[in-house]
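Peer 1: First the structure, then my questions, so here it is.
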């Protein structure tokens, strides 16, 4: 009971902090910088009756929340790009806080935030930011599970925990390599692996490094997708030959490490044979 109260207290405190941060919006930037768009100049030349430059409708009407579809994602990206022109620190703090909140409490939807990172910060900064936040957030989930959730996770997912424990024990001699394999070809969802890792005695150093390295291709694809979405203005632009070739190159780059991991895993790892649908067959009782 004490562990449940402690976990709820952490969730409430984090939620209040993130909500308060989303309510605090600095003064809107004095000019909106957009490629090929002179809206900022016109805004400065045509102030409203109070003497202040007119604000973009997006700034005054958008409520900050986690995006649930691409349309909300695009609106949020435009809004944060607008604020980032003069309030970079606030946008960075808000994005990092929201990302760590989702990762720490195993809330689905991190792919949208990875895409958002690409749209706001670009390829290089976006990939670095997404990779670091994914790793730190997953580690925070690891620590929360270790402190508060062991008993509940074992009771809720006894079969999955038992299966993962068995595979970890069988691959102790190459545990880090096995963890990389799980990130490239998950036998179990990432959120479950984050929560169950301390239960099956995975060292936090192995866990930390395997998350950072193993999710790099996934983060890169999501971030690059965000960069492309921020650069196109219509579906015709998205499906142009140039964009399609970029997507093909991105897919090839992401598949290379996965192919190497799969090839080496056949020699070193002890894995059950999988059915075509990816499920692990149950062993028959003699």
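In my numbering, the protein residues as written are 451 to 736.
Yeah, the Cβ is synthetic: ideal placement off N, Cα and C, and Gly gets one too.
Note that the structure is predicted; figures quoted are calculated from it, not measured.
What residues in its chain sit with their C-beta under 6 Å from that of residue 533, if we drop five residues either side in the sequence?
Peer 2: Closer than 6 Å at Cβ, skipping near neighbours: 541.
Peer 1: Work out the CA separation of residue 470 and residue 562 for me, nearest whole Å.
Peer 2: Each residue's alpha carbon lies about 22 Å from the other.
Peer 1: Quick check: residue 516 and residue 576, are their CB atoms within less than 8 Å of each other?
Peer 2: Not closer than 8 Å, so no.
Peer 1: Compare the Cα-Cα distances from residue 457 to each of 681, 656, 591 and 629 and report the closest residue.
Peer 2: Comparing Cα-Cα distances from residue 457 to each of 681, 656, 591 and 629, the minimum goes to 591.
Peer 1: In whole angstroms, what separates the C-alpha of residue 523 from that of residue 566?
Peer 2: Each residue's Cα considered, the two are about 7 Å apart.
Peer 1: Measuring from the CB of residue 591, is there a heavy atom of the ligand ADP at a distance below 7 Å?
Peer 2: Of the ligands one can find in the structure shown there are none, so the ligand ADP has no counterpart to examine.
Peer 1: Does the stretch 579-593 come within contact of the stretch 620-634, defined as at least 3 CB pairs closer than 8 Å?
Peer 2: Flag = no, the stretch 579-593 and the stretch 620-634 do not touch.
Peer 1: If I measure Cβ to Cβ from residue 527 and keep anything under 7 Å in the same chain, skipping five residues before and after, which residues do I get?
Peer 2: The answer, listed in chain order, is 566, 569, 570 and 680.
Peer 1: Quick one: grab the DSSP three-state call for residue 598.
Peer 2: Correct three-state label for residue 598: helix.
Peer 1: Mind checking which residues open and close the alpha helix (DSSP H) that includes residue 650?
Peer 2: First-last for residue 650: undefined, no H or E at that position.
Peer 1: Using the Cα positions of residue 461 and residue 555, report the straight-line distance between them to the nearest angstrom.
Peer 2: Distance between the alpha carbons of residue 461 and residue 555: 8 Å.
Peer 1: So which of 464, 520 and 635 has the shortest CA-CA distance to residue 550?
Peer 2: When each option's Cα is compared against that of residue 550, the closest is 464.
Peer 1: Which same chain residues end up closer than 7 Å to residue 459 when comparing Cβ atoms and leaving out the 5 residues on each side of it in sequence?
Peer 2: The answer is none, since no qualifying residue turns up.
Peer 1: Consult DSSP for residue 518 and reduce its assignment to one of helix, strand or coil.
Peer 2: Coil.
Peer 1: Determine the contact status of residue 653 and residue 596, defining contact as a CB-CB distance below 8 Å.
Peer 2: No, they are not a contact pair.
Peer 1: Could you check the C-alpha separation between residue 581 and residue 666 for me, to the nearest Å?
Peer 2: Cα to Cα, residue 581 sits roughly 6 Å from residue 666.
Peer 1: By the three-class DSSP mapping on this structure, what secondary structure does residue 538 have?
Peer 2: Residue 538 falls in the helix class under three-state DSSP.
Peer 1: Between residue 673 and the rest of its own chain, which residues show a CB-CB distance below 6 Å, the 5 nearest in sequence each way excluded?
Peer 2: The residues are 564, 567, 568, 576, 577 and 580.
Peer 1: Of the residues 625, 474 and 614, which one's Cα is nearest the Cα of residue 514?
Peer 2: Nearest of 625, 474 and 614 to residue 514, Cα basis: 474.
Peer 1: Taking residue 643 and residue 632 to be in contact with their CB atoms under 8 Å, please state how far apart those CB atoms are, rounded to whole angstroms.
Peer 2: So it is a contact: roughly 6 Å between Cβ atoms.
Peer 1: At which residues does the alpha helix (DSSP H) containing residue 568 begin and terminate?
Peer 2: Counting along the chain, the alpha helix (DSSP H) containing residue 568 begins and ends at 560-571.
Peer 1: DSSP three-state label for residue 663, please.
Peer 2: In the structure shown, residue 663 sits in a helix (DSSP, three-state: H, G or I).
Peer 1: Relative to the alpha-carbon of residue 603, which residue among 661, 538, 641 and 573 has its alpha-carbon at the smallest distance?
Peer 2: That would be 641, whose Cα lies nearest to the Cα of residue 603.
Peer 1: Determine the contact status of residue 646 and residue 611, defining contact as a CB-CB distance below 8 Å.
Peer 2: It is a contact, given that the beta carbons lie within the stated cut-off.
Peer 1: With DSSP run on the structure shown, which of helix, strand or coil describes residue 640?
Peer 2: The answer is helix: DSSP assigns residue 640 an H, G or I state.
Peer 1: Helix or strand or just coil, what does DSSP make of residue 621?
Peer 2: DSSP places residue 621 in coil when its eight states are reduced to three.
Peer 1: Which word fits residue 671, buried or exposed, when buried means at least 16 other C-beta atoms lie within 10 angstroms of its C-beta?
Peer 2: Per the 10 Å Cβ criterion, buried.
Peer 1: Measuring straight from C-alpha to C-alpha, what distance separates residue 599 and residue 453?
Peer 2: Computed Cα separation, rounded: 7 Å.
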